[in-house]
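Below: one structure, written as structure tokens.
Residue numbers (the numbering used here), protein chains in the order written: chain A, 3 to 538; chain B, 248 to 957.
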């Protein structure tokens, strides 16, 4: 019962907030904070005796009988940490808005709570209908958060954000309905159930079309090069809280969706498309880093760095071996902490100076030593210094990619996309991230304190330190003791890969009905590239 | 494998660092100093007691404190184990010993600095990271320390952060080091994809795999070695990645002595020796190391000859001496039965260099301390009268680095020169490659190093004479302020000078005094000696030649600089102004990198952003949006609100649909027929279905009736 509780508790909070008069700002803030904290505490209840490999805490309630829609939730090692990341960040973010959001406090808190429900529900959904509903639910509050509490070009950014996302998600809806119908054709039952539909095997061409539809929705969300241009606008215009949630959680739905739906549903298409995905993600790593280096707006710089970081995630996913995918999932968490932390930190300085232009700053270390220390640690976490959160994910993705030639099917369709070459190019991201992040850091904190408007800046207050303390703690924890997280991630990833390797062996001829993979595995799983080549 | 609580060795300084950084400002300088010094001293004591155990038996000590799984993903199982063998014990002693001395020195040198506690925090953090680097039992653990020391180097170079130049130097160091880290990371990924392990101790059992041909007929070990070498050239400032080290002198002098001379920069040498079994598979990799080392040694030494900044000269000297160590690592002897290399010589030189170079840097610090921060040697002179202790210790260290018998530099430099002279990377043969690698290359490298040694003696004594002899060339006011440094600094200088004189006696070659090579004996369980057959006569021949080269360098320096800049110097500079400028400006390598890499990177970034991102990609997006708007604006005129128009439109549409359905329906009529046959019993269709199933997909028995596979 934990899962529906954490899914709907924020929504209950939102409803409650509607009853409180809008003038009672401190009560509104307190109530919202209470609900997010309560959600976090309850979500911690998932941790004891967690079995990463299988879905646990599953609930399965019938919702719309005629359509075969069940309210079906469950959590495994992949979604566990993402859910906890969400519930962990929400109270921090709400707490941090205490000083920055002053207009329409009630509406803001409601939007944030609805958003939280949407995000948690999307991570937990084991029914494609429910998944889609939650997926769309979280779009709406985000639209308002950018559009109402954003910067000068907030309307443009929010519309761009919504339209971009909608294009992808509508195609995904079509694909969901397609599998739904094809499953009915084959079995005469109507269901949106994740487990049932994930056993549907379509013909290779059908898989390709569906994969492209799903893939586009997720690629936009990630965002994968070249579908990323909504991100800088959305980030720059969104208020701090919106940017943090956008970067830390919302982007992860793209990569989570790829891993949870696109990969296991359409394995043959995945095999065909993996080289393209990998090339796009490697381009994203280099391209995102370089474009970040050219920015003069701090937030935009971090936004483009997200393109690079998420490139590592998609690269890991497209290698379909346990190390790389573990690394990808890990990188999702690490990016949530480091980039979320960076946006929070930028929010601090924006609140004081109302500018994000890099040339306005310099020498801040002299007046804000605490802030400098916090920013430094988060920066180092972001560039992947060992001992901090960023390293483990990047390392695993690189090691997994480098060794992927054993399982990767093709040399590459466009040109010779050997995994080793991809790994080498991706690893230049390690250099480039240091180039732009240290440039940013130096321009902000080192050098003479020449701008008179920076002279009187106040250092972090205790309240702000309280916002950053848990972020820093997690940055160190993720870096120093990855076992905590990997022990749940790894079994789930292995299960996903095992199912994938069974399913990819089933081939359905074009024009035939879909088949259902038997429960508990199909034909002998594929282990090596050579075997796969034989079968294709 | 013996247990020993090794984890305290890095944890003590790390705890000290945490304390200094978090509470230093609150508790004050005295307590900060006490904590920082005690933590380093404590870990030094632990190292000492561990070394005593190693002295009794060479079995490596291990620590299972961290041995619980660190990263476990798929088939990758990493534990963060620490181990101390005789090789790492040498490094540990240098790091804690010299590190402690420099801590003491810094407590005097930095006494009046605002960031005193921050400085000691960073310094302790460095100690911890360096000890992790040295103690790690696998590449990832070493990498943690490797990046950690890089971070501390960055923080300490930019310690006086309010100057843009310092911040730039720090960033340059970090980014260039990251290029090296890129190599190290890929080396790890490659090694794991080949062998499935990253532990040093397990490497020898995978030599077969590493020896397999990878690409272009070259073994995997070659590519692995090159990737490691990229990492090593970054950290140890070798061509082409040496450019960060001279700039790193922007940091406080104790940092230059500790990080950028004695310890961190030797990490590349250490890692190469650590992974020596992998290099030995394909000795030509070792030849590449030796060539890079020799070229760097000579190149940096020639730059050092004309520099005017006290610390810059020492920095180029460090680059050059690290080149010597690389030659030592790479001086292999490849016989059909075995491959050995001069690792012992390299580590020996690493140790002696740590003493005399730390002594030189701290001496430079003492001089600059006396001159209120002045580092330009053209404004010094005659300091020996004012700074007797600094002068005496500096002279001893200069003699040591110049390789004058019997100081430490003589023995260790000779070990490397002899190793290079004896090196042969291929067994003797008649083919072109064999002749080159077995006969010529060793001799060429030996001659390069000999020239470098002469150069080294010259620029070190040029520095010495210009600073300590002749007349003072600064202002009178500066002259009045000159004072010898406090005892905490001069005491350390004397300890280091005595070390610079004495440590060489630990490694006197066996041909000179039988059983005199205690150092080689100590390392023997880890790395064998280079299997050179050298007689006492050969040794002394080489020694005399080397001494001659050094003496020539010193003599020339005395002739030209004993009384300040002599007329000959001015005449030469005036006669060859372009050569002078070319060398003085460090061959314009920084400018070259700037023009070829740094600036283009900026342009590419800007171009990608403005042209590709804003114009093409986002432009396309906005175009789609704009088109939608335009279409909407046009089509809205169809919504006239007049019912007549709508009816007309409806009729036209209906006619179109009807016409099309007749047309298409006619063509595809048979499809309707087939669709109708779906209604027929499915059992009849089953055989046909089996028929179209492709051959080798293992199909499970199909259940008739619904087309499901169960």
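Even glycine gets a Cβ: it sits at the ideal position worked out from N, Cα and C.
Note that this is a predicted model, so its numbers are computed, not measured.
| Item | Value |
| --- | --- |
| For residue 587 (chain B), the residue or residues it bridges with in DSSP | B:580 |
| Neighbouring residues, chain A, relative to residue 391 (chain B) (Cβ below 7 Å) | 388 and 389 |
| Residues of the stretch 420–441 of chain B with Cβ closer than 8 Å to any Cβ of chain A, in chain order | 421, 422, 425, 426, 428, 429, 432, 433, 435, 436, 437, 439 and 440 |
| Cβ-based neighbour list, residue 251 (chain B), same chain, cut-off 8 Å, excluding 5 preceding and 5 following | 297, 300, 308, 309, 310 and 331 |
| Neighbour list for residue 449 (chain B) in chain A, Cβ cutoff strictly below 7 Å | Here the premise fails: no neighbours, minimum Cβ distance about 16 Å. |
| Straight-line Cα distance separating residue 495 (chain A) from residue 610 (chain B) | 58 Å |
| Minimum Cβ-Cβ distance from residue 868 (chain B) to chain A less than 8 Å | yes |
| Check whether residue 672 (chain B) and residue 657 (chain B) have beta carbons under 8 Å apart | no |
| Contained beta strand (DSSP E) runs [length at least 3] in the stretch 406–493 of chain A, N- to C-terminal order | none |
| Euclidean distance between Cα positions of residue 914 (chain B) and residue 907 (chain B) | Caution is warranted here: a pLDDT of 49 is assigned to residue 914 (chain B), below 50, making its placement in the model unreliable, and the coordinate value is therefore given only provisionally. Between residue 914 (chain B) and residue 907 (chain B), the C-alpha separation is close to 11 Å. |
| Nearest to residue 563 (chain B) (by Cα), restricted to the options B:490, B:631, B:551 and B:507 | B:551 |
| Chain A contact for residue 320 (chain B) (CB, 8 Å cutoff) | yes |
| Residue closest to residue 477 (chain A), alpha-carbon to alpha-carbon, out of A:421, A:401, A:391 and A:435 | A:391 |
| Secondary structure, alpha helix (DSSP H): runs of 4+ residues fully inside the stretch 283–357 of chain A | 300–320 and 324–355 |
| Same chain, Cβ closer than 8 Å to residue 739 (chain B), five either side skipped, listed in chain order | 348, 349, 351, 352 and 609 |
| Proximity below 8 Å, CB of residue 11 (chain A) to CB of residue 116 (chain A) | no |
| Three-way DSSP call (helix, strand, coil) for residue 320 (chain B) in this model | strand |
| Beta-ladder partner(s) of residue 63 (chain A), from DSSP | A:73 |
| Residues bridged to residue 127 (chain A) [DSSP beta-bridge criterion] | A:75 |
| Residue environment, residue 256 (chain A), which counts as buried when at least 16 other CB atoms sit within 10 Å | buried |
| Where residue 383 (chain B) falls: helix, strand or coil (DSSP) | strand |
| Proximity to residue 122 (chain A) [Cα-Cα], best of A:158, A:181, A:341 and A:41 | A:41 |
| Neighbour-count burial assignment, residue 171 (chain A), 16 or more Cβ in a 10 Å radius | buried |
| Amino acids of chain B, ordered along the chain, whose beta-carbon sits closer than 9 Å to that of residue 195 (chain A) | Near residue 195 (chain A) there are no residues of chain B at all, since even the closest Cβ is about 15 Å away, more than 9 Å. |
| Residue range of the beta strand (DSSP E) that includes residue 988 (chain B) | Residue 988 (chain B) is absent from the model: chain B starts at 248 and stops at 957. |
| Chain B contact for residue 279 (chain A) (CB, 8 Å cutoff) | no |
| CB contact check: residue 414 (chain A) to chain B, cutoff 8 Å | Any reading at residue 414 (chain A) needs caution, since the residue's pLDDT is 45, under 50, leaving its predicted position unreliable; the model's value is listed next. No, because no Cβ of chain B sits closer than 8 Å to the Cβ of residue 414 (chain A). |
| Straight-line Cα distance separating residue 483 (chain B) from residue 508 (chain A) | 54 Å |
| Which of helix, strand or coil DSSP assigns to residue 737 (chain B) | helix |
| Cut-off 7 Å between Cβ atoms - residues of its own chain near residue 345 (chain A), not counting five sequence neighbours on either side | 242, 245, 246, 249 and 304 |
| Residue 493 (chain A): CB within 7 Å of a non-hydrogen atom of the ligand GTP | With respect to small molecules bound, the structure shown includes none, and the ligand GTP cannot be examined in it. |
| Where the beta strand (DSSP E) through residue 366 (chain A) begins and ends | Where residue 366 (chain A) is concerned, there is no enclosing beta strand (DSSP E), given that its DSSP letter is neither H nor E. |
| Contacts of residue 433 (chain A) in chain B (Cβ-Cβ under 9 Å) | 422, 425, 426, 428 and 429 |
| Cβ pair residue 485 (chain B), residue 392 (chain B) closer than 8 Å | no |
| Where residue 446 (chain B) falls: helix, strand or coil (DSSP) | strand |
| Cβ of residue 864 (chain B) within 8 Å of any chain A Cβ | yes |
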